[in-house]
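Letter 9 of the sequence shown, counting from 1, is numbered 40 in this note's numbering, and no numbers are missing.
The C-beta atom is built at its ideal place from N, Cα and C for all residues, glycine as well.
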Amino acid sequence: MTDLHKVSYLDIGGTVATVERTFVAIKPDGVERGLVGEIIGRFERKGLKLVGLKQMVVSKETAETHYGEHKGKPFFDGLVSFITSGPIVAMAWEGKNAAAIARNVIGATNPAQSPQGTIRGDLALDIGRNVVHGSDSPESGVRELGIFFKDGELLKEWNRACDKWITE
Ligand code: UDP
Ligand code: MG
């Protein structure tokens, strides 16, 4: 784990806090459908802090590394081909329990089982077009941020004036 992916900073009370970071990506369907602002807004409103953002076209190699755990599954080739089919928006979001919180904002893998109020529940119909990716644990977050972001591409430390109104 590097400083880039998990940062320490002095909080309001002067104690050192470690803040979790997680990887979220708007998939090519979300970008194509003009949902970038809608999706980013949901994480912002939740209170998570955007500490990295870029639009990119993912290479086949990167996609296969990112989705390595699914290699050999029936949907793997289609997933890699889909995720590389157009631009994605890659993001790093920071906050207390960032990975679990981001997964709650995103919802269930299958939009048909994802409650209203979640991104996939509100904006998607099909498991293969579920508009957004989110790391499934803090450890996956570190791994995936390392795949999509290089040193210097994530903010090291940024204290917002509103942080004290979001995190105790
Ligand atoms: N996926 C699919 N068919 C399946 C299972 C997964 O197309 O039967 C796709 C889907 O886009 C999903 C991605 O593969 O988001 C990764 O699957 P995972 O189980 O990791 O779901 P996630 O973590 O994205 O909720
Ligand atoms: Mg997953």
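Quick check: the region 160 to 173 against the region 133 to 140, are there 3 or more CB pairs under 8 Å?
The count of Cβ pairs closer than 8 Å, one atom from the region 160 to 173 and one from the region 133 to 140, reaches three, so the stretches are in contact.
Just the Cα atoms here: how many angstroms apart are residue 171 and residue 64?
About 27 Å.
To the nearest angstrom, how far is it from the Cα of residue 82 to the Cα of residue 112?
Rounded to whole angstroms, residue 82 to residue 112 spans 28 Å at the Cα level.
Residues sharing a beta bridge with residue 84, DSSP
Per the DSSP secondary-structure output, residue 84 pairs in a beta bridge with 122.
Quick check: the region 78 to 97 against the region 186 to 198, are at least 3 beta-carbon pairs closer than 8 Å?
A contact exists between the region 186 to 198 and the region 78 to 97.
Straight-line gap, residue 35 to residue 191 (C-alpha atoms, nearest Å)
At residue 35 the pLDDT is 49, less than 50, meaning the model places this residue with poor confidence; the figure from the coordinates comes in the next sentence. Distance between the alpha carbons of residue 35 and residue 191 is about 18 Å.
Can you tell me whether DSSP reads residue 55 as helix, strand or coil?
DSSP places residue 55 in strand when its eight states are reduced to three.
Taking the alpha carbon of residue 58 as the reference point, which residue from 100, 110, 99 has its own alpha carbon closest?
Closest by alpha carbon: 110.
What's the call for residue 142, buried or exposed, on a 16-neighbour Cβ count within 10 Å?
Looking at its Cβ environment, which holds 16 or more other Cβ atoms inside 10 Å, residue 142 is buried.
Going by DSSP in three states, residue 173 sits in which element: helix, strand or coil?
Assignment of residue 173 by DSSP, reduced to helix, strand and coil, places it in the helix class.
Close beta carbons around residue 130, own chain, < 8 Å, minus the five adjacent residues each side
When the five nearest sequence neighbours on each side are left out, the beta carbons in the same chain lying within less than 8 Å of the beta carbon of residue 130 are those of 51, 53, 165, 166, 167, 168, 169, 171, 172, in order along the chain.
Is residue 60 near the ligand UDP, going by C-beta to nearest heavy atom under 7 Å?
Not so, every heavy atom of the ligand UDP lies at least 7 Å from the Cβ.
Between residue 101 and the ligand UDP, is the CB less than 7 Å from at least one heavy atom?
Residue side-chain check: residue 101 places its Cβ nearer than 7 Å to a non-hydrogen atom of the ligand UDP.
Out of 102, 86, 85, which has the shortest C-alpha to C-alpha gap to residue 92?
Of the residues 102, 86, 85, the one whose Cα lies closest to the Cα of residue 92 is 102.
What are the partner residues of residue 67, as DSSP defines its beta bridges?
By DSSP's assignment, residue 67 forms no beta bridge with any residue.
So, using beta-carbon positions, are residue 150 and residue 70 closer together than 8 Å?
Yes, the Cβ-Cβ distance between residue 150 and residue 70 is below 8 Å.
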